[in-house]
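Peer 1: Dropping the structure in here first, questions after.
In my numbering, the protein residues as written are 21 to 496.
Listed below in structure tokens is the structure:
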């Protein structure tokens, strides 16, 4: 079940919300959310839900074992092995076997194991809980059902954001009903739904059409158009999902941290990674970068640590070399900025150079996402070649390609891209800053609620067309 489906919008969510608000006792509310979350996950993964529950039970038991000082380190090691082993089997077994098969005289059967939805997210949440218990950052949760709710809570179960236990520990135990918070949550959810349906799904049609072309059909303008469309698609698709997750959390009294902070206004790749998918970058920073030594062991070691982190960040996204190369490319840009080979810090001191720094950042982002979207490295490299005028299309295919390029520019697409560019900037914050008085702010808030109702109407019209496009991050 996904947030943008009619089953979720018209059946699941209203039913759970009504029951949740009618139930007075907090522990019964939690029980309802646990049951609803399991039903939500089982709707698409009826058998794999048992794998998730077993994983949670194992991590719960390993957390309890840490009550004995002699078992703390052993419990941590077993937890890391168990969780990474789970990912290794279900997500990377086929990938690793295919790598072994590239060795001469090795021909192992490649296992075809279906990837459980959300395994990367709920596994990382379980790991963070056990690691934080080991570090002494949080107390051991002896109530199994609270830990179960923390990991299975449906708003963030299948595609994040990755929520750390210490951030919602108190909310699991006590939450108060707040009509204002619920209203904000509904508005936030509608905004996220609109990002997904009205923007991401519209530009995805162009991106998918271009990335499905034969190599001989691809020309320079099409390559750039496809790359830019995918860059817009992945941002509005995933930030839209995050908005919906945060909004849903607010409806039930939970406050999740922001997962995106306008990454496309970044003036460097370092700045981009402070703004993009904040929950996963924070996870890798806290549980991999810092244990490796962070930036405490000299610049060379710092750069190596960052490259290791981005290697695993890329691998975390999927069992494909395109994701690994994407991660290493991002790490490479951060290395160049760290050594000031690309002097982004100096460029911030001059207005023109600051604009140039932003252009460089967006060019780097688009090129990285091109390889991320490609079906394999060969297609990604061909896109790069074509983008910079080294394509293989002959005169006949160039004419066809140009006609395809012009065909994509219909009014709906142009309007969508304009809104996408505008909304990728902190326009809301700028507008809010222009209204100082409380009366003006109240009026602006009322307009925003009415606007969200208009957006909901447009989304329902879109859904009535019967089109369906899954969230990108459900694949990771």
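Where is the CB? At the ideal position from N, CA and C, for every residue including glycine.
Starting from residue 384, follow the alpha helix (DSSP H) in both directions and report where the run begins and ends.
Peer 2: Position 364 of the chain shown holds residue 384. Looking at the DSSP string, the run of the alpha helix (DSSP H) that includes residue 384 is 371–393.
Peer 1: When DSSP labels each residue in this structure, what does residue 367 get in the three-state scheme?
Peer 2: Stepping through the chain shown from its first residue, residue 367 is reached at position 347. Reduced to three states, the DSSP call for residue 367 is helix.
Peer 1: For residue 96, which residues of its own chain have a beta-carbon under 6 Å away from its beta-carbon, when the five flanking residues on both sides are left out?
Peer 2: Translated into positions along the chain shown, residue 96 becomes position 76. Cβ neighbours of residue 96 beyond the five flanking positions: 154.
Peer 1: Compare the Cα-Cα distances from residue 183 to each of 46, 354, 104 and 266 and report the closest residue.
Peer 2: Counting from 1 along the chain shown, the entry for residue 183 is found at position 163. For the residues 46, 354, 104 and 266, the minimum Cα distance to residue 183 belongs to 266.
Peer 1: When the Cα atoms are used, what is the spatial distance from residue 306 to residue 55?
Peer 2: What you label residue 306 is simply residue 286 of the chain shown in a count that begins at 1. What you label residue 55 is simply residue 35 of the chain shown in a count that begins at 1. So the two alpha carbons sit approximately 31 Å from each other.
Peer 1: Below 6 Å CB to CB, which residues in the same chain sit around residue 246 once its five sequence neighbours on both sides are set aside?
Peer 2: Position 226 of the chain shown, counted from the start, is the residue given in the question as residue 246. Once the five neighbours on either side are set aside, the close Cβ partners of residue 246 are 227, 230 and 231.
Peer 1: Do residue 464 and residue 452 count as a contact pair if the criterion is CB distance below 8 Å?
Peer 2: Position 432 of the chain shown, counting from 1, holds the residue named residue 452. Position 444 of the chain shown, counting from 1, holds the residue named residue 464. For residue 452 and residue 464, yes; Cβs fall inside 8 Å.
Peer 1: Cα-Cα, which of 318, 291 and 333 is closest to residue 308?
Peer 2: Counting from one through the chain shown, the residue named residue 308 turns up at place 288. Per the Cα distances, 333.
Peer 1: Quick check on the DSSP output: what are the complete alpha helix (DSSP H) runs of length 4 or more inside the segment 85–137, in order along the chain?
Peer 2: Counting only runs of 4 or more, we get 92–107 and 113–120.
Peer 1: For the alpha helix (DSSP H) that contains residue 323, what are its first and last residues?
Peer 2: Working through the chain shown from its first residue, we reach residue 323 at position 303. Taken as a continuous stretch (DSSP letters only), the alpha helix (DSSP H) holding residue 323 covers 319–337.
Peer 1: Does the segment 50–66 come into contact with the segment 168–183, if we say contact requires no fewer than three beta-carbon pairs (one atom in each stretch) closer than 8 Å?
Peer 2: Cβ pair count under 8 Å is three or more, so yes.
Peer 1: Any contact between the segment 345–363 and the segment 319–328? By contact I mean 3 or more CB pairs, one from each, below 8 Å.
Peer 2: Yes, the segment 345–363 touches the segment 319–328.
Peer 1: Just to confirm my understanding: we take residue 127, look at its own chain, exclude 5 residues before and 5 after, and list those with CB closer than 7 Å. What are they?
Peer 2: For the purposes of this step, residue 127 is taken as the residue at position 107 of the chain shown. Contacts found: 121.
Peer 1: Taking buried to mean at least 16 other C-beta atoms within 10 Å of its own C-beta, is residue 396 buried or exposed?
Peer 2: Position 376 of the chain shown holds residue 396. Counting Cβ neighbours within 10 Å, residue 396 comes out exposed, since fewer than 16 surround it.
Peer 1: Considering only the alpha carbon of each residue, which of 118, 36, 137 and 243 lies closest to residue 62?
Peer 2: Reading the chain shown from its first residue, position 42 is the one you call residue 62. Closest by alpha carbon: 137.
Peer 1: State the Cα-Cα distance for the pair residue 384 and residue 289, rounded to the nearest angstrom.
Peer 2: Reading the chain shown from its first residue, position 364 is the one you call residue 384. Reading the chain shown from its first residue, position 269 is the one you call residue 289. Those two C-alpha atoms are separated by around 8 Å.
Peer 1: How would you write the range of the alpha helix (DSSP H) that residue 396 sits in, first residue to last?
Peer 2: Working through the chain shown from its first residue, we reach residue 396 at position 376. No alpha helix (DSSP H) contains residue 396, which DSSP labels as neither H nor E.
Peer 1: With a threshold of 16 other CB atoms inside 10 Å of the CB of residue 445, please say whether the residue is buried or exposed.
Peer 2: Walking along the chain shown from the start, residue 445 turns up at place 425. Residue 445 comes out exposed.
Peer 1: Should residue 440 and residue 300 be called a contact, given that it needs their Cβ atoms to be closer than 8 Å?
Peer 2: As a working note, residue 440 is residue 420 in the chain shown. As a working note, residue 300 is residue 280 in the chain shown. No, these two residues do not count as a Cβ contact at 8 Å.
Peer 1: Which term fits residue 469, buried or exposed, when burial requires 16 or more other beta carbons within 10 angstroms of its beta carbon?
Peer 2: If you number the chain shown from 1, residue 469 lands on position 449. So residue 469 counts as exposed.
Peer 1: Helix or strand or just coil, what does DSSP make of residue 357?
Peer 2: Residue 357 sits at position 337 when you count from the first residue of the chain shown. Helix, per DSSP.
Peer 1: Pop quiz: residue 220 and residue 494 are said to be a contact at Cβ under 8 Å. What is the actual Cβ separation, rounded to whole angstroms?
Peer 2: In the chain shown, counting from the first residue as 1, residue 220 sits at position 200. In the chain shown, counting from the first residue as 1, residue 494 sits at position 474. Not a contact, Cβ separation roughly 13 Å.
Peer 1: Could you work out which residue in 284, 460, 316 and 490 is closest to residue 447 when comparing CA atoms only?
Peer 2: Counting from 1 along the chain shown, the entry for residue 447 is found at position 427. The shortest Cα separation from residue 447 among 284, 460, 316 and 490 belongs to 284.
Peer 1: Secondary structure at residue 157, three-state DSSP: helix, strand or coil?
Peer 2: Your numbering for residue 157 matches position 137 in the chain shown. Looking at residue 157 - three-state DSSP - the assignment turns out to be coil, as it is neither helix nor strand.
Peer 1: Do the CB positions of residue 254 and residue 406 come within less than 8 Å of each other?
Peer 2: Walking along the chain shown from the start, residue 254 turns up at place 234. Walking along the chain shown from the start, residue 406 turns up at place 386. Going by C-beta atoms, residue 254 is not nearer than 8 Å to residue 406.
Peer 1: Buried or exposed: where does residue 337 fall if 16 or more other Cβ atoms within 10 Å of its Cβ makes it buried?
Peer 2: The residue you call residue 337 lines up with position 317 of the chain shown. Residue 337 comes out buried.
Peer 1: Is the distance from the Cβ of residue 268 to the Cβ of residue 479 below 8 Å?
Peer 2: The residue labelled residue 268 in the question sits at position 248 within the chain shown. The residue labelled residue 479 in the question sits at position 459 within the chain shown. No; because the gap between Cβ atoms is not below 8 Å, this pair is not in contact.
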